[in-house]
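Chemist:
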Amino acid sequence: MSRVNENLKVKRAKIGFIEEKCISCGACTALCPTAALCIDKGNWKLRFCSEKCSSCLLCVSSCPLGAIVQL
1 MSRVNENLKV KRAKIGFIEE KCISCGACTA LCPTAALCID KGNWKLRFCS
51 EKCSSCLLCV SSCPLGAIVQ L
């Protein structure tokens, strides 16, 4: 049987947000599996919680205006 290396370090993807492009459509929040992205109901701005982000990049591919980008 093969040994499993438990000491692997996985590089996490980083995302950037271009606020001027965001229209708060909710496409990214609908696909985010960890709720790292949400629309603030008070001012309808996108909020990002990096601690919850799993680096899946679904938000990047879902944004119709390119407001979320991989860095």
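In the UniProt record's numbering, the protein residues as written are 1 to 71.
Positions of the beta carbon are idealized from the N, C-alpha and C atoms, including for glycine.
Keep in mind that this is a model prediction, so the values were computed, not measured.
#1: Identify every residue that forms a DSSP beta bridge with Ile23.
#2: Counting C-beta neighbours from all protein chains within 10 Å, is the total for Cys28 16 or more, i.e. buried, or is it exposed?
#3: What's the C-alpha gap between Thr34 and Lys52?
#4: Val48: which of Pro64, Arg3, Ser24 sits nearest, CA to CA?
#5: With DSSP as the reference, identify every bridge partner of Val60, one or two as the case may be.
#6: Per DSSP, which residues does Gly16 bridge with? Please list them.
#7: Determine, using beta carbons only, whether Leu46 and Ala13 come nearer to each other than 9 Å.
Modeler: Once the coordinates are examined:
#1: According to DSSP, which records beta bridges pairwise, Ile23 is partnered with nothing at all.
#2: buried
#3: 6 Å
#4: Residue 48 is actually Phe in this sequence, not Val. Minimum Cα distance to Phe48 is reached at Ser24.
#5: Val60 is not bridged to any residue.
#6: Val69
#7: no
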